[in-house]
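Engineer: The structure under discussion is supplied below as structure tokens; questions concerning it will follow.
Protein chains: 2
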Amino acid sequence: MSDAARLARVALSRLTEPGEPKIAALVAQMGAVALLEALSDPAQPTPEARDVATRLRGFDPETDLAHGERLGLRYVVPGDDEWPVQVDDLMRAEVLDHRGGPPLGLWVKGPTRLDELSQAVAVVGSRSATTYGTEVAAGIAQALVRAGHPVVSGGAYGIDQAAHRGALVVEGANVAVLACGADRAYPTAHRDLLDHLGRTSAVVAEVSPGCAPTRGRFLSRNRLIAALTRGTVVVEAAARSGALSTASWATRLHRHLMGVPGPVTSAQSQGVHELIRKGAASLVTRGDEVLEVVGEAGTHLVTPPRARSRPRDKLPRRDARILDAVPLASPAPISSIATTAGVALLDVQAALRRLHRDGLVELSDRGWVLTPAANE
Amino acid sequence: MSDAARLARVALSRLTEPGEPKIAALVAQMGAVALLEALSDPAQPTPEARDVATRLRGFDPETDLAHGERLGLRYVVPGDDEWPVQVDDLMRAEVLDHRGGPPLGLWVKGPTRLDELSQAVAVVGSRSATTYGTEVAAGIAQALVRAGHPVVSGGAYGIDQAAHRGALVVEGANVAVLACGADRAYPTAHRDLLDHLGRTSAVVAEVSPGCAPTRGRFLSRNRLIAALTRGTVVVEAAARSGALSTASWATRLHRHLMGVPGPVTSAQSQGVHELIRKGAASLVTRGDEVLEVVGEAGTHLVTPPRARSRPRDKLPRRDARILDAVPLASPAPISSIATTAGVALLDVQAALRRLHRDGLVELSDRGWVLTPAANE
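Just so you know, the protein sequences line up as chains A and B, in that order.
When we follow our numbering, the leftmost residue of the first sequence carries the number 1, and every step to the right adds one.
When we follow our numbering, the leftmost residue of the second sequence carries the number 1001, and every step to the right adds one.
Listed below in structure tokens is the structure:
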């Protein structure tokens, strides 16, 4: 992309709100340079042009770019080697309708290149998460990075920060996508965390340096998290959590959507349960189940959780049948066990001796009974 | 059914183990009377015949039936008005293969007629349930009975007893299906509970009065719980819980299978999560979601959980856009809000006054900022 086009995108992203479908469509049709020229013409009759004119007073994109670079940010645009091509899915018509235009460019701080995010997974959820949710989020994020999948989240309180912190303990990409400028820290309590991610991996923002987070920008940011990643894991979300907007974007963009269940008594799991119930999200309980969903076919195969095998599993069929006839609680004489099992008395006698040796039955004054080991 | 046939079934159910596919097939082909005669012939060369002969010494079905009646039990057989025809599904060939033959008859104690169970729902789960699981089970069982759906469970510790006790507080059928004789209490600690169910609703068993519970009989009992009901709700189940055998039976019998999620850190929810993950069970979180699955089409429609609406939802579009431009944390001057929103300064001024009146923004020395109410 030419320097002029890059500068025009710097200007347009400062002057318009992210995801605006009309802007995205016009950039695609006429290019950023021509669009900026057209919008800057005060004779233009459209509301967009008037809005841009309102913001344009005393603005110079070259200064803006240099200022960003002094803050340690680079501006990545489509066509750059580093451009994450998966976000171009946001150009699809049905997505545009939801204020889902692709970003004009992305401000990035940190060594992780955005084209390394093709296997990334988003781990998101409630800001007011429970201890349960934050522990599960940290564990899943850690498992993902260990398996070579970058983790993307929003740097917020609750699940987001748990995901980032969980992923920190292993080496790998751990990317925060912010609703404010990539130079800012929101929430301010996460200044150290975001600085760390900016030094070791990446902090990404669609809005220009210095921009404040607004509600509309949070929603745009959520679409970007979904678009950048192969799949989104929602760890906790109340009935009306912002994480559900990320989930909707994942669905619209045909990304994998996964949900972690929790107690049905917890409001913070209600939104996730609803996603699973309506079939929008698949249920995952741990990192390797997420890997099974997002990984290349056949690379991650989950072994379903199994209890250890028990002594009774290895018994010959006839002994198992006799064991079945031994009561769980009230001891029974051998004759009654023989009748219940329908096996001749002498055979029962021999089998009970074998079962006793294996610790599965015991003999009391009143007869034979199962041991706790047989009840496992 | 003739008295002779009823007595032959009393005898066969005393002399064979429940669900035995060969016996079920032979009863279907030749009738219970002829089969009993054939099996009683000591010259018969089959192992089944020898097994029956072992148990047959000194047994008289008429005495057995009279003894059961003295204990307050009745013996219900196919063809009786009260026969629950849904259990005839156990005659299907693919079910027979899994020791799934239909019961020869059912011993019943209590006023609830078995043909009243056509809308019944099973609520089952771990014996070593958590407090969480027992609370959820009680709530679901109560909601089911209140909606006119009988609850069926196994009378065991944990989820079973929570389901029975939950259903007790409302009037309706609340049926325990036991792996031992319907006159016995297993576990013995549930003697009072089972007596209560036997007085007010029903205790059901396939095995004859006095029979002890054995492992094989628990598995047969589980198939009966699944067969008697329209659907099974598994509330908690570890990776190798007996409740999963009821779940498998529900699937084999094309009944509805539902699972209640729980913390992924709880071993008692692992088996349920696996059922949901593999698509065997649908996720339910409360009674009315169960009703939506098992009820007649259109009778129970669940309103998805929704958060209450918020003041910002009712704002005109332009005011919402200006509200979006107000920072969440660091106050901003009106000029910067106008630039962010891309709206003329005078309009912003008027809008901020309206938003302030609605309690959504507040003004400090350094400018405008959202109130906590706007952040809800």
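Even glycine gets a Cβ: it sits at the ideal position worked out from N, Cα and C.
1) Anything in the segment 240-264 of chain A with a Cβ closer than 7 Å to a Cβ of chain B? List those residues in chain order, please.
2) Classify Ala-1329 (chain B) as helix, strand or coil using the three-state DSSP reduction.
3) In this structure, does DSSP put His-256 (chain A) in helix, strand or coil?
4) Quick one, which of B:Arg-1240, B:Val-1124, B:Thr-1339 and B:His-1190 has its alpha-carbon nearest Leu-15 (chain A)'s?
5) For the beta strand (DSSP E) that contains Thr-1232 (chain B), what are its first and last residues?
6) Hey, quick one: how far does the beta strand (DSSP E) through Leu-106 (chain A) stretch, first residue to last?
7) Hey, quick one: how far does the beta strand (DSSP E) through Gly-1367 (chain B) stretch, first residue to last?
8) Work out the CA separation of Ala-1320 (chain B) and Pro-1333 (chain B) for me, nearest whole Å.
9) Check the Cβ-Cβ distances between His-1190 (chain B) and every residue of chain A, and say whether any is below 9 Å.
10) Does any residue of chain A have a CB that is nearer than 9 Å to the CB of Gln-1270 (chain B)?
11) Which residues, in chain order, does the segment 311-335 of chain A contribute to contact with chain B at a C-beta distance below 9 Å?
12) Per DSSP, which one or two residues make a beta bridge with Arg-1074 (chain B)?
13) Nearest by alpha-carbon distance to Gly-287 (chain A): which of A:Ala-163, A:Pro-327 and A:Ser-208 is it?
14) In the DSSP assignment, the beta strand (DSSP E) including Glu-362 (chain A) goes from what residue to what residue?
15) Going by DSSP in three states, Leu-1026 (chain B) sits in which element: helix, strand or coil?
16) With a threshold of 9 Å between beta-carbons, can Ala-1004 (chain B) be considered close to chain A, or not?
17) Using the rule of at least 16 other Cβ atoms within 10 Å of the residue's Cβ for burial, across every protein chain shown, is Pro-111 (chain A) buried or exposed?
18) Is the beta carbon of Leu-197 (chain A) closer than 9 Å to that of Ala-227 (chain A)?
19) Output the boundary residues of the alpha helix (DSSP H) element that contains Val-1175 (chain B).
20) If you compare alpha carbons, which of A:Trp-83, A:Val-203, A:Gln-268 and A:His-254 is closest to Gly-158 (chain A)?
21) Does the separation of the CB atoms of Leu-315 (chain A) and Val-369 (chain A) fall below 9 Å?
22) Please state whether DSSP places Ser-269 (chain A) in a helix, a strand or coil.
23) What does the alpha-carbon distance come out to for the pair Val-1077 (chain B) and Thr-1251 (chain B)?
24) Taking the alpha carbon of Val-392 (chain A) as the reference point, which residue from A:Arg-74, A:Gly-154, A:Leu-26 and A:Arg-165 has its own alpha carbon closest?
25) Measure the Cβ-Cβ separation of Val-152 (chain A) and Val-108 (chain A) and say whether it is below 9 Å.
26) Does the distance from the CB of Glu-236 (chain A) to the CB of Val-293 (chain A) come in under 9 Å?
27) Between the segment 66-100 of chain A and chain B, which residues of the former have a C-beta closer than 9 Å to a C-beta of the latter?
28) Under 6 Å Cβ to Cβ from Ala-205 (chain A), same chain only, skipping five residues before and after it: list those, please.
29) Which value, in whole angstroms, describes the spacing of the CA atoms of Arg-113 (chain A) and Glu-82 (chain A)?
30) List, in chain order, every chain A residue whose beta-carbon is nearer than 8 Å to that of Leu-1283 (chain B).
31) To the nearest angstrom, how far is the alpha carbon of Glu-289 (chain A) from that of Arg-1255 (chain B)?
32) Between Glu-236 (chain A) and chain B, is there a C-beta pair that is closer than 9 Å?
33) Whose Cβ in chain B lies nearer than 7 Å to the Cβ of Pro-61 (chain A)?
34) What three-state label does DSSP hand Leu-315 (chain A) in the structure shown?
35) So, helix, strand or coil for Val-284 (chain A), using DSSP?
36) Mind checking Glu-1274 (chain B): buried by the 16 CB within 10 Å criterion, or exposed?
Structural biologist: Well, looking at it:
1) Arg-240, Val-260, Pro-261, Gly-262, Pro-263 and Val-264
2) coil
3) strand
4) B:Thr-1339
5) 1231-1234
6) 106-109
7) 1367-1370
8) 18 Å
9) no
10) yes
11) Arg-312, Ala-320, Arg-321, Leu-323, Asp-324, Ala-325, Val-326, Pro-327, Leu-328, Ala-329, Ser-330 and Ala-332
12) B:Val-1108
13) A:Ala-163
14) 361-364
15) helix
16) no
17) exposed
18) no
19) From DSSP, Val-1175 (chain B) is part of no alpha helix (DSSP H) but of the beta strand (DSSP E) over 1174-1178.
20) A:Gln-268
21) no
22) helix
23) 25 Å
24) Only positions 1 to 376 of chain A appear in the structure, and residue 392 (chain A) is not among them; the question remains open.
25) no
26) no
27) none
28) Trp-107, Leu-178, Gly-181 and Ala-182
29) 6 Å
30) Pro-261, His-273, Ile-276, Arg-277 and Leu-283
31) 27 Å
32) no
33) Those do not exist, as Pro-61 (chain A) stays about 16 Å from chain B at its closest Cβ, beyond 7 Å.
34) coil
35) coil
36) buried
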